[in-house]
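Here is the structure we will look at, set down as structure tokens.
In the working numbering, the protein residues as written are 27 to 206.
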């Protein structure tokens with residue numbers, strides 16, 4: 027697929043070549059031509075591949091060209107993929123950390139990731155089970171809990187989740203207290 031995100035630092039490039047008079051195969055990798063670096067397996071099958079390893083985070087492009095002994099050439103077209111092996115980093119806090127019953131508390135979360143996808147606040151304990159998707163501007167997210175959200179007294183444990191476009195998720199846990 028083109029323009030896909032992946033969380034691993036390697037890629038396997040597979041192509042099918044049906045050319046009786048194949049002269050050579052060229053992998054154009056990140057703008058540099060690599061002649062005959064692909065391997066046909068099993069031999070004579072027309073299935074060619076190469077595994078590129080130890081890739082740095084960021085954009086990578088691949089295009090495979092094949093030419094025959096008559097000088098005709100064809101290609102797969104350029105494919106771009108994004109390597110992202112870094113998990114989102116996030117912090118969260120409550121203001122204030124303790125509120126009276128049915129009071130108002132502001133939840134602030136900062137999620138940092140080059141390819142941030144979503145940030146959620148999950149209130150999960152034996153008293154309340156609710157999911158809140160926060161509205162974020164850039165990497166900063168704010169949510170206000172009021173009324174029914176703060177109607178149960180005691181300690182409320184909250185887990186903040188952040189997910190990037192490569193489907194890597196990270197979380198951090200904090201708590202706030204609702205008093206009588």
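C-beta: ideal position from N, C-alpha, C; glycine also. The structure displayed is predicted, hence computed values, not measured ones.
Check                                                                                                                                                                                              : Outcome
Could you name the residues that DSSP lists as bridge partners for residue 119?                                                                                                                    : 134
Report the partner residues of residue 113 according to the DSSP bridge assignment.                                                                                                                : Looking at the DSSP assignment, residue 113 forms no beta bridge with any residue, so it has no partner.
May I ask which residues mark the beginning and end of the beta strand (DSSP E) holding residue 181?                                                                                               : 180-190
Where residue 128 and residue 119 are concerned, what is the direct C-alpha to C-alpha distance, given to the nearest angstrom?                                                                    : 19 Å
Based on Cα-Cα distance, which residue from 196, 123 and 175 lies nearest to residue 138?                                                                                                          : 196
Could you check the C-alpha separation between residue 50 and residue 28 for me, to the nearest Å?                                                                                                 : 24 Å
For residue 193, which three-state DSSP category applies?                                                                                                                                          : coil
Using 10 angstroms around the beta-carbon of residue 114, count the other beta-carbons present and answer buried if the total reaches 16, otherwise exposed.                                       : buried
Between residue 134 and residue 103, what straight-line distance do the alpha-carbon atoms span, to the nearest angstrom?                                                                          : 45 Å
I'd like the ranges of any beta strand (DSSP E) spanning at least 3 consecutive residues and lying wholly in the region 35-98.                                                                     : 37-42, 48-55, 58-61, 73-78 and 84-94
Starting from the C-beta of residue 90, find all residues in its chain whose C-beta is less than 8 Å away, skip the five residues before and the five after it, and write them out in chain order. : 39, 41, 51, 52, 53, 54, 64, 74, 101 and 102
Would DSSP call residue 205 helix, strand or coil?                                                                                                                                                 : strand
Here's the rule: buried if 16 or more other CB atoms are within 10 angstroms of the residue's CB, otherwise exposed. What is residue 181?                                                          : exposed
According to DSSP, simplified to helix, strand and coil, what is residue 106?                                                                                                                      : strand
Going by Cα to Cα distance, which pick from 48, 206, 126 and 78 is closest to residue 60?                                                                                                          : 78
Counting along the chain, where does the beta strand (DSSP E) carrying residue 177 start and finish?                                                                                               : No beta strand (DSSP E) holds residue 177; DSSP gives it neither H nor E.
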